[in-house]
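For reference, the structure is listed below as structure tokens.
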Amino acid sequence: MKNIEIQEKGEKRAELLKRIENVQTRRFFTDQLASIYGGMAGFYEFGPVGAALKSNLINLWKRSFSPGMLELDSCVILPEKVLKASGHVDKFSDVLVFDTVNGECYRADHYVEEKLIELKEKMIKEKKDTEKIEKLLHRVDVLSLEEYDSVIKEFKIKSRNGNDLSNSQEFNLMFGTNIGPAKQNVGYLRPETAQGQFLNFKRCLELNGGKLPMGTFSVGRVFRNEISPRNGLLRVRGFEQAEIEYFVHSNEKVHKKYGKVKDLKLDFLFGKEEQKLQKMKLDDAVKNKIIGNECLAYFIGKTAQFFDMLKIVKYRFRQHKKDEMAHYACDCWDGEIFIGNSWVECVGIADRSCFDLSQHAKHSKTNLFAQKRLDTPKKIIKYEPILDRKNWGKKFKENMKDLIELLEGLSVQENENEQNSSLKLQKSVEFMNETISVEYQRKEVTVHVEDFVPAVIEPSFGVGRIFQGILEQTFVERDEERSYFNFIPELAPYQVCITSLMPKDYLNEQEQLYDLLIDQNLKVYISDQNVSIGKRYSGADEIGIPFFVTFDKDTENDQSVTIRERNSMEQIRVKLEKVPEIICRLIKGDKLEQFGRVVSGSDN
Ligand code: AMP
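Just so you know, we're using the numbering used here here: the sequence shown kicks off at 464 and counts up by one.
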């Protein structure tokens, strides 16, 4: 494509995005937090239309992913020790640089990338060699602090105001606070729902009869103190996550429903060093060891089906490069949707291995093992604690049970082949601020089960980003003035709009129909504005309402109304009493013509 064509295409796209944004704000899908005070960057409010859409999106997500899984609704705040164990206190950070004069902050990777791209374009125009910059751009998001400093120095990168930049430094992304008045009682707003699921793993496993695989899931707000929030809902400081933790044995990363997705042909951008884009059958990606295991692949396929259902068409799956992987992950894929002008990570599907449970077991001194029945029992040498029940009972009372559990969790197991001849071992254990010395006795026991720390496959969905992806990819313009969102009916903020041709007519009948429709679990909107019927139709279309029921002057005589379908604008005339049933069937996918003679409606 010639430069001029690219530029024109870019401008057209920018205008389109502006028009979508206009509908989004004007019809109150979303608005910035505290907008009457000038707004607060990085936080968004969902208005009635947006909130309904988001809650439908979450319900559809639950319907697609959660059957057979255990839901958890955990606390939004977490004590520091939990996030210390998970690695978030030490490692959940981005690199920051700031303007040394006015203090304005920039996320180093984003800012340096932006400036290097500008420089590259300038050098191309001047016909200079850009190889070095190209190389840097490939890994700009994983440079070390020293590397950022030297790039900033070498390419003379200044702040937006032309001032010098500070040295780069780590900035932890968690919002910290004190729990209660005690200063040392530090807590953080959760940066992901996952930790709540790990904390409750043991209880859920008990509830699941000790069986693996086991899936838990949570949907809820999480908070990240992003350095430079931007692009509307795409990079915010508080957002909804819908996350699954799927616990498996590390040798059995499979899923019993893999067969249902394995033949999907998807776009993959893969490679842990260099990356290439290729359309491929999911199963071929597993067989060629591109995707680490079947369980990860299952959730990739399931995510693709979820996107298809929502009418998101432009998406792909990108593998994380080696140096990009989060501190807990061993293989990670992003479900990316094309939003705005680029590919945006909307879902992270990570193999978190045994990292989290091992860490929490270690730091909380709790046994977070699962058990697997062995095909043939085996003999092992075990050191079991000698319990001083009498004394400990007096001292620790109702906490005695926890102490015993702790000590049994510390039992030392050995293989029968291993030589350790001592009959007893001595151990010191910290419990309730006391150091207890415990003797462990050597015993030969036959075991029928194996203890292991489960591995975790985690699909993590950012609800706001998917929300934005849907808005952009379902937006249709009929002409210069009229647009609609091609939402599937279950997603639409309202499934039905009711009106009367003459706004003051049939008020009771409209109310009655409204009640019957909400009894069917539908969201319904009564449009009573005193504007032309065409305007009422286009107002409903604009927020994606799929069906429109109109009472008119003949309704009184023939007890009939019209049902209009959003995309085709076609109408049928049906008996009023049949409307709830017909609407329910239309939502399930039946066609308008099944219920009456179709006429192309005049919208004006
Ligand atoms: P992560 O735990 O970083 O893999 O994030 C999981 C998902 O949350 C991502 O795939 C995004 O969809 C979403 N997400 C992460 N950070 C943000 C943010 N700052 N604003 C909005 N969504 C985000």
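Built from N, CA and C at the ideal position, the CB exists for glycine as well.
Taking residue 516 as the centre and dropping the five residues before and after it, the same chain places the C-beta of 956 closer than 6 Å to its C-beta, in chain order. In its chain, beyond the 5 residues on either side, 685, 704, 706, 923 have a beta carbon closer than 8 Å to the beta carbon of residue 655. The DSSP assignment places complete alpha helix (DSSP H) segments of no fewer than 4 residues inside the segment 626 to 679 at 657 to 662, 664 to 670, in order along the chain.
If you keep only unbroken beta strand (DSSP E) runs of at least 3 residues inside the segment 1016 to 1049, you get 1023 to 1028, 1033 to 1038.
Using a Cβ distance threshold of 7 Å, residue 634 and residue 690 count as a contacting pair.
Along the length of the segment 876 to 941, whole alpha helix (DSSP H) runs at least 4 residues long occupy 926 to 936, reported in chain order. The closest heavy atom of the ligand AMP lies 6 Å or more from the beta carbon of residue 613.
In the three-state reduction of the DSSP assignment, residue 591 falls in the coil class.
Set against 6 Å, the gap from the CB of residue 702 to the closest heavy atom of the ligand AMP is smaller.
When DSSP states are grouped into helix, strand and coil, residue 831 belongs to the coil group. In terms of Cβ geometry, residue 742 and residue 726 do not form a close pair [threshold 7 Å]. In the structure shown, residue 813 adopts extended strand secondary structure according to DSSP, grouped into three states. A heavy atom of the ligand AMP is found nearer than 6 Å to the CB of residue 809.
For residue 767, the three-state secondary structure derived from DSSP is helix. Spanning the alpha carbons of residue 1060 and residue 1050 requires a straight line of approximately 19 Å. Under the three-state reduction of DSSP output, residue 503 falls in the strand class.
Between residue 766 and residue 810, the C-beta spacing is below 7 Å. Residue 724 carries a coil assignment under DSSP once its states are collapsed to helix, strand and coil. Bridge pairing for residue 719: absent [DSSP]. Scanning 614, 739, 548 for the CA closest to the CA of residue 577 turns up 614. Around residue 831, the same chain offers 664, 665, 820, 823, 824, 916 as residues with beta carbons nearer than 7 Å, after the five sequence neighbours per side are excluded. Residue 563 holds the alpha-carbon nearest to the alpha-carbon of residue 631 among 584, 651, 563, 783.
Nearest to residue 1034 by alpha-carbon distance, out of 1053, 1042, 1062, is 1062. DSSP assignment within the segment 973 to 1008 yields the following whole alpha helix (DSSP H) runs of 4 residues or more, N-terminal first: 996 to 1005. No residue range can be given for residue 698, since it is assigned to no beta strand (DSSP E) and is classified by DSSP as neither H nor E. Residue 699 has its Cβ nearer than 6 Å to a heavy atom of the ligand AMP.
Per DSSP, reduced to three states, the secondary structure at residue 488 is helical. Look at residue 760 here: in three-state DSSP terms it is helix. In this structure, the C-beta of residue 689 approaches the ligand AMP to less than 6 Å from one of its heavy atoms. DSSP places residue 818 within a helical segment (H, G or I) once states are collapsed to three. Distances taken from the Cβ of residue 655 to the heavy atoms of the ligand AMP include one shorter than 6 Å.
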